[in-house]
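Student:
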Ligand code: GDP
Ligand code: MG
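In this note's numbering, the protein residues as written are 12 to 333.
1) Among the residues of its own chain, which have a CB less than 6 Å from the CB of residue 248, if the five just before and after it don't count?
2) Can you give me the C-alpha to C-alpha distance between residue 254 and residue 211, rounded to a whole angstrom?
3) Using the Cβ count rule (16 or more neighbours within 10 Å means buried), how would you classify residue 126?
4) Any beta carbon from chain D within less than 8 Å of residue 236's own beta carbon?
5) Which of the three DSSP states, helix, strand or coil, is assigned to residue 27?
6) Unbroken beta strand (DSSP E) runs of length 3 or more, entirely within the segment 176–235: which are they?
7) Short check: CB of residue 198 to CB of residue 30, under 8 Å?
8) DSSP three-state call for residue 38: helix, strand or coil?
9) With a 10 Å radius around its C-beta and 16 neighbouring C-beta atoms as the bar for buried, classify residue 63 as buried or exposed.
10) Would you check if the distance between the CB atom of residue 156 and the CB atom of residue 171 is smaller than 8 Å?
11) Go to residue 299, then tell me how far its alpha helix (DSSP H) extends in each direction, as first and last residue.
12) What number of angstroms, rounded off, separates the C-alpha of residue 182 from the C-alpha of residue 153?
13) Given this structure, state the Cα-to-Cα distance separating residue 286 from residue 28, to the nearest angstrom.
14) Excluding the 5 residues preceding and the 5 following residue 192 in the sequence, name in chain order all residues of the same chain whose CB lies nearer than 7 Å to its CB.
15) At which residues does the beta strand (DSSP E) containing residue 278 begin and terminate?
16) Quick check on the contact list: which residues have their beta carbon closer than 6 Å to a heavy atom of the ligand GDP?
17) Going by CA-CA distance only, name the one from 116, 111, 162 and 260 that's closest to residue 203.
18) For residue 313, count neighbouring Cβ atoms within 10 angstroms of its own Cβ and tell me buried if that reaches 16, exposed if not.
19) On the criterion of 16 or more Cβ atoms from any shown chain inside 10 Å, does residue 42 qualify as buried, or is it exposed?
20) Starting from residue 130 and walking both ways along the alpha helix (DSSP H), at which residues does that stretch end?
21) Just to check my reading of the structure: residue 269 and residue 245 have Cβ atoms closer than 8 Å, yes? What is that Cβ distance to the nearest angstrom?
22) Quick check: the Cα distance between residue 113 and residue 34, rounded to an integer number of angstroms?
23) Measure from the alpha carbon of residue 70 to the alpha carbon of each residue in 122, 225, 304 and 148, then state which is nearest.
24) Determine the closest residue to residue 310 out of 234, 257, 241 and 303, with distance taken between C-alpha atoms.
25) Would you kindly report the start and end of the unbroken beta strand (DSSP E) that includes residue 313?
26) Between residue 147 and residue 139, how many whole angstroms is the CB-CB distance? I'm expecting something under 8 Å.
27) For residue 109, count neighbouring C-beta atoms within 10 Å of its own C-beta (all shown protein chains included) and say buried if the count is 16 or more, exposed if not.
28) Would you call residue 46 buried or exposed, if buried means 16 or more other Cβ atoms sit within 10 Å of its Cβ?
29) Just how far apart, CA to CA, sit residue 82 and residue 177?
30) Rounded to a whole number of angstroms, what is the C-alpha to C-alpha distance between residue 284 and residue 259?
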């Protein structure tokens with residue numbers, strides 16, 4: 012996986028360079044995105060396209076001295092019920108296989124919840140060679156206990172001891188992705204463990220995610236932030252057009268897909284106030300990130316059962332038949 016196999020390979024220092032693919036595992040909300048943002052130093056997304064050389068999606072890339080660390084996505088692993096959930100889980104383990112190292116994040120506050128327990132069991136099975144995650148078995152596995160800023164020391168030490176007792180992890184780190192505490196140590200260790208080899212990406216490339224996906228992700232985040240209660244993960248966002256204008260500004264048109272007309276009404280809000288507000292905050296963030304003027308146009312469409320639409324899965328790099 013870290014072998015240079017395409018024309019993109021060969022960036023970085025002439026000698027002694029390292030390039031490591033890190034598969035990030037962790038239950039939803041343990042702080043994966045926050046850690047990525049801290050490591051990469053700018054906003055990156057949970058939704059990014061496949062790298063050319065692999066089926067995994069690159070979340071972000073950071074450089075630590077001679078090492079380039081490429082973080083790959085493993086969408087939240089949990090007990091799969093719906094087809095979409097199963098595809099996510101399959102993609103998650105696929106991502107882990109593509110990594111040189113596996114990094115599990117655990118939330119210090121929540122401890123070993125159901126999702127984390129399921130991941131731990133999967134890792135244990137992989138280590139034991141009793142399932143088809145054998146490719147994960149021989150990789151270095153690191154554990155990072157996150158949100159240490161939010162719990163008392165005793166709780167933390169108890170949790171660390173419990174996790175250590177699983178005998179799965181080569182090393183255990185305690186971090187706060189939010190305030191950065193411990194993150195540099197983790198990064199240094201990952202860099203030291205990365206296999207020798209040329210960098211896979213140019214130095215200035217923090218993510219291979221095209222702007223349109225970044226833009227969609229930002230809008231999705233604003234919807235989520237503004238409609239958390241009313242719209243539990245029923246909306247998806249797609250960037251339909253992306254036009255770079257002569258004056259340097261960018262025109263972006265996006266469609267927000269919801270499952271029911273009632274949800275469309277929620278997204279639009281009274282007299283369109285809600286979508287106006289979503290658009291305004293999304294635009295402000297995009298302008299900040301892209302450092303140019305953005306013309307953002309949002310449309311809301313009802314698409315029933317988008318969760319069962321094969322098209323969507325291809326867009327996400329997920330396997331519909333998982
Ligand atoms: P993900 O679902 O694993 O990507 O988790 P997110 O990165 O989206 O984080 C989920 C929530 O946990 C957010 O509200 C974060 O602000 C919060 N969070 C992440 N890292 C930390 C941390 O180190 N300390 C605290 N107190 N909160 C954190
Ligand atoms: Mg996330």
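Glycine is no exception: its CB is placed at the ideal position from the N, C-alpha and C atoms.
Tutor: Walking through what the data contain:
1) 227, 230, 231, 265 and 267
2) 28 Å
3) buried
4) Protein chain content of the structure displayed is limited to a single chain, and chain D is not contained in it.
5) coil
6) 182–185
7) no
8) coil
9) With a pLDDT of only 30 at residue 63, under 50, the local geometry of the prediction cannot be trusted, and the value read off the model is given with reservation. Exposed, since its Cβ has fewer than 16 Cβ neighbours within 10 Å.
10) yes
11) 284–301
12) 5 Å
13) 47 Å
14) 159, 160 and 186
15) Segment 272–279 is the alpha helix (DSSP H) holding residue 278; no beta strand (DSSP E) there.
16) 37, 39, 40, 41, 42, 43, 44, 45, 157, 158, 160, 161, 187, 188 and 189
17) 111
18) exposed
19) buried
20) 125–139
21) 6 Å
22) 5 Å
23) 225
24) 234
25) 305–313
26) Contact flag wrong, Cβ pair sits at about 11 Å.
27) buried
28) buried
29) 25 Å
30) 29 Å
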